[in-house]
Amino acid sequence: MADDGPAMRLLLVNCNTSTTVSDRLQAVATSVAAPTTSITVATPEFGAERVVGFYDSFVSAAASLQVMSRFRGQCDGVVMVGFGEHGREGARQLMDVPVVDITEAGMMAACLLGTDVGILATSEQAVGPIRESVRAMGLSSRLHGVRVVPGASPAEPEAFVGGAEALLAEGADVVLLAGAEMLAVQEALTRQCCVPVVDPLTTAVKWCESLVHLSLSTSKHRDYRWEHGKVLSLE
Numbered sequence: 146m147a148d149d150g151p152a153m154r155l156l157l158v159n160c161n162t163s164t165t166v167s168d169r170l171q172a173v174a175t176s177v178a179a180p181t182t183s184i185t186v187a188t189p190e191f192g193a194e195r196v197v198g199f200y201d202s203f204v205s206a207a208a209s210l211q212v213m214s215r216f217r218g219q220c221d222g223v224v225m226v227g228f229g230e231h232g233r234e235g236a237r238q239l240m241d242v243p244v245v246d247i248t249e250a251g252m253m254a255a256c257l258l259g260t261d262v263g264i265l266a267t268s269e270q271a272v273g274p275i276r277e278s279v280r281a282m283g284l285s286s287r288l289h290g291v292r293v294v295p296g297a298s299p300a301e302p303e304a305f306v307g308g309a310e311a312l313l314a315e316g317a318d319v320v321l322l323a324g325a326e327m328l329a330v331q332e333a334l335t336r337q338c339c340v341p342v343v344d345p346l347t348t349a350v351k352w353c354e355s356l357v358h359l360s361l362s363t364s365k366h367r368d369y370r371w372e373h374g375k376v377l378s379l380e
């Protein structure tokens, strides 16, 4: 896509059913996207209002694929907004545009910035899915650990400082935030800890824009090929 071409259309797929969260995601994504990028947020019609743990994640994956299917041919790139959640492989087979998962974007960006990545999460139930997601990327050797700050809210960024400092004391040299509404936390920890702190949502939005600009999309040569004549039955 040329820089002087038509507006880029990015689809953000919220992993949960909260339209309030969707509105906040749109605001954050719009704040970092190029002026010529239009952001649409799709909210699943079923699933959990807050996705935590394996069961919620698998239900969320089906719901996300269902709502995503309605945008085939209507967007230039997709950002999947759910940290450690399932579904990215199915999305890449379904869609004919680049699909960027915030977990992958965040982890891969963190690996460019240091050698040992520490992930900061807010729920014990999120740890298993996060580790599985990193394992599926082939990046387990770069994951120093996942530390949980129970009950911490992105609205109170200072609550995350102790967890970040603990990760650094244990040997991590980059902090990745496990969540889509962590921009304020990223800014606070960067000031406090003086190490790279990665916000996965903003990273994913910029990476997706870059892939579209470079005319790069998912390979359909083998694993992600859509079989000719396949009929969708997601409705």
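Using this note's numbering, read the sequence shown as starting at 146 and increasing by one per residue. Just so you know, even glycine gets a beta-carbon here, dropped at the ideal spot from N, CA and C. Every value quoted in this text rests on a predicted model; they were computed, and no experiment measured them.
Check: Does the distance from the C-beta atom of Glu-269 to that of Val-293 stay below 8 Å?; Outcome: yes
Check: In chain order, what residues of the same chain have a beta carbon less than 8 Å from the beta carbon of Arg-169, not counting five sequence neighbours either side?; Outcome: Glu-326
Check: State buried or exposed for Pro-180, treating a residue as buried only when at least 16 other CB atoms are found within 10 Å of its CB.; Outcome: exposed
Check: Tell me the DSSP secondary structure of Gly-283 in three-state form.; Outcome: coil
Check: Nearest to Met-240 by alpha carbon, out of Cys-339, Ser-214 and Gly-251?; Outcome: Ser-214
Check: Under three-state DSSP, which class holds Gly-263?; Outcome: strand
Check: Which two residues bound the contiguous alpha helix (DSSP H) that contains Ala-325?; Outcome: Premise fails: Ala-325 is in no alpha helix (DSSP H) and is neither H nor E.
Check: In terms of alpha-carbon separation, which member of Ala-314, Ala-271, Ser-163 and Pro-299 lies closest to Phe-199?; Outcome: Ala-271
Check: Pull the bridge partners of Arg-292 from the DSSP assignment, please.; Outcome: Leu-265
Check: In the region 175 to 237, which residue ranges form an unbroken beta strand (DSSP E) of at least 3 residues, counting only runs that do not cross its ends?; Outcome: 182 to 187 and 222 to 226
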